[in-house]
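Its first residue numbered 1374, the sequence shown is counted upward by one per residue in the working numbering. Heads up, the thing below is written out as structure tokens.
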Amino acid sequence: MNNTLSKNYEPGQVEASWYAHWEGKGYFHSTPDDRPPFTVVIPPPNVTGVLHMGHTLNETVQDVLVRHARMSGFNACWVPGSDHASIATEAKVVQMLEKEKGIKKSELSRPEFLRYAFEWKEKYGGIIYHQIKKLGCSVDWNRVTFTMDDHYYEAVIKVFVDLYEKGLIYRGARMINWDPAAQTALSDEEVEYKDITGKLYYVRYRVEGSDEYITIATQRPETIMGDTAVCVNPNDERYAHLKGKKIIVPLVNRAVPIIFDEYVDPAFGTGALKVTPAHDINDYNLGLKHGLPTIDTLNPDGTLSAAAEVFVGMDRFEARKASVEQLRADRALVKEEEYSTRLGYSQRSNAVVEPRISTQWFVQMKHFAGLALDAVTSGEVKIHPEERFLATYKYWLENIKDWCISRQLWWGQRIPAWYDADGKFVVAATVEEAVAKFKAQHNIDHSPVTIHQDEDVLDTWFSSWLWPMEVFNGISKPGNPEIEYYYPTNVLVTGQDIIFFWVARMIMAGMEYKHERPFEHVYFTGMVRDKQGRKMSKSLGNSPDLLDLIDRFGADAVRFGILISSPAGNDLLFDDSSCEQGRNFNNKLWNALKLVKMWSLRQAQGDNNQEAGNLPFAVQWFEQRLNQVKAQLEDLYKGFRLSEALKTIYSLIWDDFCSWYLEWAKPGFEQPIDAAVYRKTVDFFSELMQLLHPFMPFITEEIYHQLAERSDDLCVKQFTPAGAVNADLIAQGTLLQEAISALRDARVKNNLKPKDPVTVSIQTDKQAAFTAIRPILGKQANAEIEFVNDAVPGSIAVVLGTNKFYITSEQAVDTSVQREQLQKDLDYYRGFLESVAKKLGNERFVQNAKPEVVESERKKQRDAEEKIEAIEKSLALLG
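So this is what it looks like as structure tokens:
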């Protein structure tokens, strides 16, 4: 404990030392014991850079919950880690190699490339973990997990083999989403749709052997070369005469059939549709139905292939321009017009996604969707806030498609499929198992088997859906003591944008492999936006650097700033001003500490064994407020209303403790404080720091130790339950606050200085309520307090409910200001009374409204009448 404190709180001098102290004590490390576990797994950030403000919110929320659980008697285990993020990380490593070393990926072998990728992971994974520490997160650093760790890799392969053998994984040629920039397949959930304004091109297709044309509208003229039919509705009389005819595809002069299918809406566009099976999922399905050939006119990198015949090697968007120019030159372009549409973009590379037929690996999802849907609709897994996300969750699962899980990359878990020279394959965890399976399947006894492994890797989410289990080796070593103790976890805190990518899939995997939910609660944080309402992102440059914010404001202030503006589940607007508010709160706490420590330097006096009933009113009142708030906080934690919880604690400390209690308990000038009051004040301050600790751990631990010599640490100090609340004492405290504020306000309005002595005469029918608070009221209002039965002529009248205060002073008082204010108040209450009376005079309202609503209106009427009577009397006294 240091008796010499800096003028303002200096977080840089405090935070690093306390974090090292907590780590050194092993407070964050968990091992199974007799306590109930409270398990949280961190949503593993990608090793592609640094934490952004969305991560900051997410990590702070988790730390609040974990610290609160640790201080509530639970064995808190918070597992940190990171995700290998196959597409994003491979792209970053490729860029780095070309920029810094002049090396192209194609020049490297797979092992060489992976060596560079792991170096990237060590560098950026280390940065992320440093940020998590700086933020004060109490994660178990002995349990750091990476989704490419050996045991994790083994678990992913084990699950793939198992699901394949169950018939839930299959390989086949399907229309998939293709990212030309990353040159890999994507799942449907990795495509982000944006509303754009594009162009609609009306193109003439000539009927073979005639001068007749069909006009067809297309957004993608660069795909015309892949057309293998034109489709019209069989009920469309405009085209009935064309049955059995063919049509000439522009640009390549290919004759293709005119087909008839009710899929085409005659009222949409021209009623005729170009069918390009290789480049549109609906066209693909039409092609299968009508036996059409497929012509893939695009290379993997988005350039036109040799099958296009024209513009070969040209980028697809350049080919679009060239196609339009050629169609115009051929007089085949009728017109073009602007067109609003939705276009799919890769979430990782932001490239426009191309539909493409490709042989990939898929998971059959109907089976898993049922598991995930039942877990939530039954209440086994609870979503918070339910009203915002439950319907979305259900809709996705009820309309789910098979999951494409193969990616054309090197960074990730390699698909455990093994092929011979003829393309026959087996699925096995190792090459030795694959050879044995080949021999068994093909009756090969002694001949050598030459096989090679699939070049593709698995979708990142196929590994991260195992996260709550495999961080405890639950797949690689099922039944081990840790998975049995820590699983299922208690709460998952994550962003709403990965509800399908990750949350639903973790539920699927948990129900499949543990036959149990992976977590009891899912709390979705909102999206962090700047003050203009834009999502914070690196591309916009509107997301502040976390370490810079911590350097400027301190970790506690940053945590305060992002939580105070974060209503449960809703998006939040964040800017530096909220961190400034956090810094100001720190300094408020620090100044309160200095005041209390100054009291400790004085000679304490009084009975050190005073009973609670004999303690001053200030102490009795604040103890009730503390109990009241503690009970409120438990409800707020249960409902995951953490922003509201922080605001409640903030108000209790700033308003009730600092602004009221410390003033009421403060000894007179140069007077020693009563020893019992001082001891209770330190206890109150310590307990306030305990309530605040999960939100602002550093300053609270520092103040806790500055207040007194301690043998324990706040980080693991257990909460004491809330006691019973005396409602009468709470009401008396509220009355005292309102009376002090009203009397101070009256002084200001009537030009009475705070030091001018006055007499306050109180007219009330509740004199007993003022007995305990009378000394404090007199001190705070700098007034002699007396009670009267009638109004005091020539006084300044203050009305507070049914209580009337009459201020008299030796100073000359100009009552014109008060008379003007009283008249305004009288006019307001008369108007208010008239509106209430009108409502109560409406028989329909009185007969149909709920009884409690009618009674509430009648109470408003009585209150208004009492206020009007009091104001009229006050005006009469002023003459």
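We treat Cβ as the ideally placed atom computed from N, Cα and C, and that holds for glycine.
query: Own chain, CB closer than 7 Å to Gly1446, minus 5 neighbours either side, in chain order; result: Arg1408 and Gln2091
query: Buried or exposed by the 16-neighbour rule on C-beta atoms within 10 Å, applied to Lys2240; result: buried
query: First through last residue of the alpha helix (DSSP H) which encompasses Thr2144; result: Gln2140 to Thr2144
query: Three-pair Cβ contact test at 8 Å for the region 2130-2140 versus the region 2169-2180; result: yes
query: Spatial distance of Gln1814 from Lys1739 (CA atoms); result: 30 Å
query: Backbone secondary structure at Thr2073 - three-state DSSP; result: helix
query: DSSP bridge partner residues for Phe1690 (one or two, in chain order); result: For Phe1690, which the question treats as bridged, DSSP gives no partner whatsoever.
query: Reference Ala1680; option with closest CA among Pro1758, Thr1667, Arg1715 and Ile1589; result: Thr1667
query: Reduced DSSP category for Ala1985 - H, G, I as helix; E, B as strand; rest coil; result: In this prediction, Ala1985 scores a pLDDT of 47, lower than 50, which makes its location untrustworthy; the coordinate-derived value is nonetheless stated afterwards. In the structure shown, Ala1985 sits in a helix (DSSP, three-state: H, G or I).
query: CB of Arg1890 within 8 Å of CB of Pro1861, strictly; result: yes
query: Inter-stretch contact (C-beta, 8 Å, three-pair minimum) for the region 2109-2116 and the region 2143-2152; result: yes
query: Ser1482 versus Gln1905 - alpha carbon distance; result: 47 Å
query: Exposure of Tyr1712, with buried meaning 16 or more beta-carbon neighbours within 10 Å; result: exposed
query: Bridge-paired residues (DSSP) for Arg1544; result: Trp1734
query: Same chain, Cβ closer than 6 Å to Ala1490, five either side skipped, listed in chain order; result: Val1466 and Trp1784
query: DSSP state of Gly2106 mapped onto helix, strand, coil; result: helix
query: Ile2169 versus Glu2159: straight-line alpha-carbon distance, rounded; result: 15 Å
query: Opening and closing residue of the alpha helix (DSSP H) in which His1815 lies; result: Val1804 to His1815
query: Cβ-Cβ separation, Tyr1586 to Tyr1578 (assumed contact under 8 Å), whole Å; result: 6 Å
query: Neighbourhood of Gly2096 by C-beta distance below 6 Å, restricted to the same chain and skipping five residues each side; result: Asn2000
query: Close beta carbons around Thr1518, own chain, < 7 Å, minus the five adjacent residues each side; result: Val1452, Gly1454, Tyr1525 and Val1844
query: Same chain, Cβ closer than 6 Å to Asp2291, neighbours up to 5 away in sequence not counted; result: In the structure as shown, the chain begins at 1374 and stops at 2252. Residue 2291 is therefore absent and cannot be evaluated.
query: Which listed residue (Gln1468, Glu1432 and Ser1403) has its alpha carbon closest to that of Leu1865; result: Glu1432
query: Contacting residues, own chain, Cβ-Cβ under 8 Å from Gly1979 (five flanking each side not counted); result: Its pLDDT being 49, under 50, Gly1979 is placed unreliably by the model, and the measurement read from it follows with that caveat. Closer than 8 Å at Cβ, skipping near neighbours: Asp2047, Ala2048, Ala2049 and Val2050.
query: Own chain, CB closer than 8 Å to Asn1982, minus 5 neighbours either side, in chain order; result: In this prediction, Asn1982 scores a pLDDT of 47, lower than 50, which makes its location untrustworthy; the coordinate-derived value is nonetheless stated afterwards. Closer than 8 Å at Cβ, skipping near neighbours: Ala2049.
query: Distance CB(Val1434)-CB(Ser1511) smaller than 8 Å; result: no
query: Straight-line Cα distance separating Asn1863 from Trp1972; result: 44 Å
query: DSSP three-state assignment for His1457, whether helix, strand or coil; result: coil
query: Pair within 8 Å by beta-carbon distance, Arg1902 and Phe1926; result: no
query: Distance, Val1413 Cα to Glu1771 Cα; result: 28 Å
query: CB of Asp2129 within 8 Å of CB of Ser2182, strictly; result: yes
query: Rounded separation between Ile1778 and Met1879 - CA only; result: 15 Å
query: Val1822 and Phe1835 closer than 8 Å at C-beta; result: no
query: Extent of the continuous beta strand (DSSP E) run through Gly1717; result: Leu1706 to Ser1719
query: Reduced DSSP category for Gly1825 - H, G, I as helix; E, B as strand; rest coil; result: First, the amino acid is wrong: residue 1825 is His here, not Gly. Three-state DSSP puts His1825 in a strand.
query: Beta-carbon contacts of Leu1615 that lie in its chain and below 7 Å, excluding the five residues immediately before and after; result: Val1580 and Ile1631
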